[in-house]
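> With the numbering used here applied, the sequence shown corresponds to residues 27 to 502, in that order. Glycine included, each C-beta is placed from N, C-alpha and C at the ideal position. Just so we're clear, the structure is a prediction, and the values are computed from it rather than from any experiment.
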Amino acid sequence: MTARLFHPIASSCLIQALLLLMLAAPVHGQIAGLPDFTELVEATSPAVVNIEATRTAQARDRNQAPGEEEVPEFFRRFFGQPGMPQPPQDQVAGGSGFIISADGDILTNHHVIDGADLVVVRLTDRREFEAEVIGSDPLSDVALLRIKADDLPILRVGRSDALKAGEWVMAIGSPFGFLENTVTAGIVSGVGRRSLDPTQNYVPFIQTDVAINRGNSGGPLLNTRGEVVGINSQIFSNSGGFMGVSFAIPIDVAMNAVRQIKETGRVRRGQLGVVVQQVTREAAQSFGLRRSVGALVSNVLPDSAAAKAGIEIGDIILEFNGTEIVQSSDLPPVVGATAPGTRAEVLVLREGERKRLTVVLDELPADEVAAATSPSTSGSGGALGLVVETPTPEVRAELGLPAGEGVVITQVTGAAARRAGLSPGDAILRVGRTPVASHRQFADAVKDVEPGDTVMLLVRRGDQNQFIALSPREGE
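#1: Residue ranges of each beta strand (DSSP E) run of no fewer than 3 residues wholly in the segment 353-396, ordered along the chain?
#2: Closer than 8 Å is the cut-off here; do at least three beta carbon pairs connect the segment 246-265 with the segment 144-157?
#3: The ligand ATP heavy atoms versus the CB of Leu189: any closer than 6 Å?
#4: Applying the 10 Å Cβ sphere with the 16-neighbour rule, what's the burial state of Gly296?
#5: Straight-line CA distance for Asn135 to Glu379?
#6: Take every Cβ of the segment 309-325, pair it with every Cβ of the segment 275-294, and state whether three or more of those distances are shorter than 8 Å.
#7: Determine the extent of the alpha helix (DSSP H) in which Arg444 is found, giving its start and end residues.
#8: With distances taken from CA atoms, which of Leu144, Pro450, Gly451, Ala446 is nearest Leu483?
#9: For Val386, is the classification buried or exposed, using 16 other Cβ atoms within 10 angstroms of its Cβ as the cut-off for buried?
#10: Could you tell me the alpha carbon to alpha carbon distance between Pro108 and Arg285, rounded to whole angstroms?
#11: Does DSSP classify Phe273 as helix, strand or coil?
#12: CB Leu427 to CB Ala453, shorter than 7 Å?
#13: Among residues of its own chain, excluding the 5 on either side of Val217, which ones have a beta-carbon nearer than 6 Å to its beta-carbon?
#14: Kindly identify the DSSP beta-bridge partner or partners of Asp163.
#15: Looking at the structure shown, is Gly130 part of a helix, part of a strand, or coil, going by DSSP?
#16: Which ranges does the beta strand (DSSP E) cover as unbroken runs of at least 3 residues, wholly within the segment 298-330, from first to last along the chain?
#17: With DSSP run on the structure shown, which of helix, strand or coil describes Arg285?
#18: Let me check understanding here. Comparing Cα to Cα, which of Glu156, Arg185, Leu178, Val183 lies closest to Leu171?
#19: Should Asp167 be labelled buried (16 or more other beta-carbon atoms within 10 Å of its own) or exposed?
#20: Compare the C-alpha of Pro391 against each of Leu165, Val147, Lys473 and name the closest.
#21: Going by Cα to Cα distance, which pick from Leu448, Val485, Asp140, Thr80 is closest to Thr460?
#22: Specify whether the segment 118-126 and the segment 72-83 touch according to this definition: at least 3 beta carbon pairs, one from each stretch, less than 8 Å apart.
#23: Distance check for His465 and Val475, CA to CA, integer angstroms please.
#24: Between which two residues does the alpha helix (DSSP H) containing Leu425 stretch?
#25: On the DSSP bridge list, what partners appear for Glu338?
#26: Name the one or two DSSP bridge partners that Ala197 has.
#27: So what does DSSP say about Gly488, is it helix, strand or coil?
#28: Ends of the beta strand (DSSP E) at Ile77?
#29: Thinking C-alpha only, which one of Asp143, Ile173, Met196 is nearest Asp62?
#30: With distances taken between CB atoms, is the gap from Ser272 to Thr210 smaller than 7 Å?
#31: Quickly, what does DSSP pair Gly296 with across the bridge? List them, please.
#32: Whole angstroms is fine: what's the gap from Arg382's alpha carbon to Gly336's?
#33: How is the alpha helix (DSSP H) around Arg466 delimited, first residue to last?
#34: Which residue comes first and which comes last in the alpha helix (DSSP H) that contains Glu68?
#35: How many Å lie between Val145 and Val138 at the Cα?
#36: Arg369: which of Asp489, Lys334, Ser355, Pro419 sits nearest, CA to CA?
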């Protein structure tokens, strides 16, 4: 009789033992590559602070109701709508920040402290300080604070220009104002992103999937070496909460603003003086481009640097001072980062030929919010879930829109807008009783809309005008 090589019970035991060994063994390709943030958090969190910004009732004009235009947008968003009667009271908002010098320099977002009369900084050791606002820059959303203290823990400043998609990054902040020193982590999703806010088109944002919520604003984005590579600033959300897409200001941009604030008290930017738009596939074909790259010049401001250099409407800007312009949103950051008075070389495509022109940059006026070089699209959809575009003369002619009237829907992102039957190609002539003729006017008209409000839109579809009511719901 042939002997059995394996007894059934013995075989079963051996197989189970092998399985246990396999489960116990580390899978180096999956586990060994994941970072452990514990030491990083211990080393960096003491330099992260909580910020409380207060706008006192005594400082407001008592004849003007809270929520009117003198109140910064940040406070209007969270503390009442225009026309709502409220008793005089302090308005308090929260955010985060981080220490960059042992003698008390702190970085945060401009929108965290904008309009505040009192700024209080809380350290992780429970000490509190009243902070002085040394200066802030709304276009980059950076503010520099200072507290009177010595031997403070600091964060090392790294480089954001070397960041690549897929890198691990970590954020520390105070989401919702009271969850101090909350740690979240993720990866860099992309770099050089256009801002969701059309007033911040001078910042090539870092996109991450790090969980960021209200109150995280101004906190640091750190690499795995414990260096600050960005300042957390914005999220993309239809609900108001984190949805997996967040944006940080590159630390290189922030530190350039800090340097200028320290030296001169303000940030100076170069201005080219053109209005640009994206190069579509059809436009690329008509201009003889193999790819949809560059910034198409749709207007040149009179007596601007661009006009003096010979840049013309219809030119496609392909390079600015050696930097390739892949899309129209690439142009404002590189122009703004160049000092006024700088001689720069611009490569343009004109009638199939490439021309190199020399420009001497003007200075962007301090009170101008980059109108000359802003994207022509409204951003992420806003409260109404509609992305709109300022129509070109050709689009106006095609839709039968008179000059100076209407914006065109390019994307419908909200459920309320879909329920109302709105679709790309529809033109919006009015928001309530307010006429709109540009994406900026549309954004201003809808900026105070909250879930539960009803907004009446005058819409043109074909050759017919009709009013359509939108009622966005909470969470849509």
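Quick look at the numbers:
#1: 369-376, 379-386
#2: no
#3: Ligands displayed in this structure: none; no statement on the ligand ATP is therefore possible.
#4: Working through the sequence shown from its first residue, we reach residue 296 at position 270. With 16 or more Cβ atoms within 10 Å of its Cβ, Gly296 is classed as buried.
#5: Position 109 of the sequence shown, counted from the first residue, corresponds to residue 135. Position 353 of the sequence shown, counted from the first residue, corresponds to residue 379. Computed Cα separation, rounded: 44 Å.
#6: no
#7: Numbered from 1 along the sequence shown, position 418 holds the residue referred to as residue 444. Counting along the chain, the alpha helix (DSSP H) containing Arg444 begins and ends at 441-445.
#8: Within the sequence shown, residue 483 is the residue found at index 457, counting from 1. Ranking Leu144, Pro450, Gly451, Ala446 by Cα distance to Leu483 puts Ala446 first.
#9: Taking the first residue of the sequence shown as 1, we reach residue 386 at position 360. Counting Cβ neighbours within 10 Å, Val386 comes out exposed, since fewer than 16 surround it.
#10: By 1-based counting over the sequence shown, the position of residue 108 is 82. By 1-based counting over the sequence shown, the position of residue 285 is 259. Residue confidence is low: Pro108 scores 49 on pLDDT, short of 50, so the model does not pin down where it sits. Its coordinate-derived value is still stated next. Their Cα atoms are separated by approximately 37 Å.
#11: Numbered from its first residue, the sequence shown carries residue 273 at position 247. Phe273 falls in the strand class under three-state DSSP.
#12: Here residue 427 refers to the residue found at position 401 when the sequence shown is read from its first residue. Here residue 453 refers to the residue found at position 427 when the sequence shown is read from its first residue. Going by C-beta atoms, Leu427 is nearer than 7 Å to Ala453.
#13: In the sequence shown, residue 217 corresponds to position 191, counting from 1. Hits under 6 Å: Leu189, Ile232.
#14: Against the sequence shown, residue 163 aligns to sequence position 137. Asp163 is bridged to Val168.
#15: As a working note, residue 130 is residue 104 in the sequence shown. Of the three classes helix, strand and coil, the one that applies to Gly130 here is coil, per DSSP.
#16: 300-304, 321-326
#17: As a first step, residue 285 must be located in the sequence shown, where it is residue number 259. Helix.
#18: For the purposes of this step, residue 171 is taken as the residue at position 145 of the sequence shown. Cα-wise, what sits closest to Leu171 is Glu156.
#19: Within the sequence shown, the letter at position 141 stands for residue 167. Under this definition Asp167 is a buried residue.
#20: The count along the sequence shown starts at 1 and reaches residue 391 at position 365. Looking at the Cα atoms, Leu165 is the closest of the given residues.
#21: Start at 1 with the first residue of the sequence shown, and residue 460 comes out as number 434. Considering only alpha carbons, the answer is Val485.
#22: yes
#23: Here residue 475 refers to the residue found at position 449 when the sequence shown is read from its first residue. Here residue 465 refers to the residue found at position 439 when the sequence shown is read from its first residue. So the two alpha carbons sit approximately 16 Å from each other.
#24: As a first step, residue 425 must be located in the sequence shown, where it is residue number 399. Note, Leu425: alpha helix (DSSP H), 419-425.
#25: As a first step, residue 338 is located in the sequence shown; it is residue number 312 there, counting from the start. Answer is none; Glu338 lacks a bridge partner.
#26: In the sequence shown, counting from the first residue as 1, residue 197 sits at position 171. Partner(s): Thr210, Leu247.
#27: Here residue 488 refers to the residue found at position 462 of the sequence shown. Coil at Gly488, not helix or strand.
#28: Residue mapping note: residue 77 aligns to position 51 of the sequence shown, counting from 1. Its beta strand (DSSP E) spans residues 74-81.
#29: Here residue 62 corresponds to residue number 36 of the sequence shown, with the count starting at 1. Nearest C-alpha to Asp62: Met196.
#30: Translated into positions along the sequence shown, residue 272 becomes position 246. Translated into positions along the sequence shown, residue 210 becomes position 184. Cβ atoms of Ser272 and Thr210: not closer than 7 Å.
#31: Sequence index remark: in the sequence shown, residue 296 carries index 270 (1-based). Gly296 is bridged to Glu389.
#32: One-based indexing of the sequence shown puts residue 382 at position 356. One-based indexing of the sequence shown puts residue 336 at position 310. Going by the C-alpha atoms only, they are around 10 Å apart.
#33: Reading the sequence shown from its first residue, position 440 is the one you call residue 466. 465-472 is the extent of the alpha helix (DSSP H) around Arg466.
#34: As a working mapping, residue 68 is identified with position 42 in the sequence shown. Unbroken alpha helix (DSSP H) run through Glu68: 64-70.
#35: The sequence position of residue 145 within the sequence shown is 119, counting from 1. The sequence position of residue 138 within the sequence shown is 112, counting from 1. Straight-line Cα distance between these residues: approximately 10 Å.
#36: Taking the first residue of the sequence shown as 1, we reach residue 369 at position 343. The shortest C-alpha separation from Arg369 is found at Lys334.
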